[in-house]
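S.K.:
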Amino acid sequence: MTGELSPIDTAKFVAAKRAVDFVEDGMKVGLGTGSTAAWMVRCLGELVREDGLSVVGVPTSTRTAELARKVGVDVVSLDQAKWLDLTIDGADEFDPDLNLIKGGGGALLQEKIVATASDRMIVITDASKRVDSLGAFPLPLEVVPFGWQTTKALIEETLAGLDVLGQSCTLRLNGEAPFVTDEGNYIVDLHLHRIANPRQASLVLNQIPGVVENGLFIDICDVVVIGHGDGRVEVNDINSGTTEQDRIDFVESANMFSDLSE
Ligand code: 5RP
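Numbered per this note's numbering, the sequence shown spans residues 81 to 342.
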């Protein structure tokens, strides 16, 4: 099976496969969004279908909800679940304190609400997302469409007072039109290059009227599972300060790979 996957997809898959070991029978699980999270949803579906695992999933996007239903994971809303045992999601960057930039897929708002409503957040990723300090990946801000250009100007003005290297902002597009989130909002991407104080940046940016949420996840992630192209995985737990090395044994599973489109 590894022969069919690129090293990057293998890395994402093994991270996802290792992360679903944290899921126990009866758990309520937040389901992230993106290509790595899609592997996790499929791995979870396999456990439900083949091992009879009983879980409910709270998806963080319509894309993830569709995939979860397709692979056999029961889906409920966050209001039905109320509080979750675990959320497993991808990330665009993570730093040594396991602070994150998320939102490359435009689902940061639901992702942050769901992760914050969970006892534990596990991030699954390949090693390319590891950084010393956050900011090389553009920081997404979800903004309401009403007056978005004024909001963008206010964001630019605010950035002048923050310790960041770059200050340009771009409206995210889907073809010619603005990219629209599941909540009906727009995304403004901030090209900051380096964010010296992510905690302060997160607080300050969320004060701007029109900004709904930003993609900095500060003190939310508990564990990062880093997959490698050769099947190795590292599990870093920020609370216990431990790092475990592991290797995933691949088991052929035709069902799992037949309909992945992310
Ligand atoms: C979506 C996200 C994703 O988790 C992030 O963009 C990583 O995606 P991928 O696993 O495809 O690299 O935050 O809003």
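C-beta atoms are modelled at their ideal positions from N, C-alpha and C, and glycine is treated no differently.
1) Given that a residue counts as buried once 16 or more other Cβ atoms are within 10 Å of its Cβ, and exposed if not, what is Thr144?
2) How would you write the range of the alpha helix (DSSP H) that Thr250 sits in, first residue to last?
3) Evaluate the contact criterion for the stretch 180-191 versus the stretch 206-224: three or more CB pairs, one atom per stretch, below 8 Å.
4) What residues in its chain sit with their C-beta under 8 Å from that of Pro176, if we drop five residues either side in the sequence?
5) Can you list, in chain order, the stretches of the beta strand (DSSP E) that have 3 or more residues and sit fully within the stretch 188-237?
6) In angstroms, rounded to a whole number, what distance separates the CA positions of Val128 and Asp154?
7) Under 6 Å: does the beta carbon of Ser115 sit that close to some heavy atom of the ligand 5RP?
8) What runs of the beta strand (DSSP E), each 3 residues or longer, lie entirely inside the stretch 142-169?
9) Can you give me the C-alpha to C-alpha distance between Ala161 and Glu293, rounded to a whole angstrom?
10) For the ligand 5RP, is there a heavy atom less than 6 Å away from the beta-carbon of Lys182?
11) Using C-beta distances below 8 Å, list every residue in its chain close to Cys301, excluding the 5 sequence neighbours before and after it, in chain order.
12) Using 7 Å as the threshold, is the C-beta distance between Ile275 and Val244 below it?
M.R.: Taking the definition as stated:
1) By the neighbour-count criterion, in which a residue is buried when 16 or more other Cβ atoms sit within 10 angstroms of its Cβ, Thr144 is buried.
2) Per DSSP, Thr250 belongs to no alpha helix (DSSP H); it is in the beta strand (DSSP E), Ser248 to Leu251.
3) Taking a cut-off of 8 Å on C-beta distances, the stretch 180-191 touches the stretch 206-224, as three or more cross pairs fall below it.
4) Contacts found: Asp212.
5) Complete beta strand (DSSP E) runs here, min 3: 201-206 and 219-223.
6) Val128 and Asp154 have their alpha carbons spaced roughly 9 Å apart.
7) Ser115: yes, Cβ under 6 Å from the ligand 5RP.
8) Within the stretch 142-169, the runs of beta strand (DSSP E) at least 3 residues long that lie entirely inside it are, in chain order, 166-169.
9) Between Ala161 and Glu293, the alpha-carbon positions lie close to 22 Å from each other.
10) Flag set: Cβ of Lys182 near the ligand 5RP.
11) Closer than 8 Å at Cβ, skipping near neighbours: Ala171, Phe174, Leu178, Asn179, Leu180, Ala195, Met201, Ile202, Val203 and Ile318.
12) When the beta-carbon positions are compared, Ile275 and Val244 come within less than 7 Å of each other.
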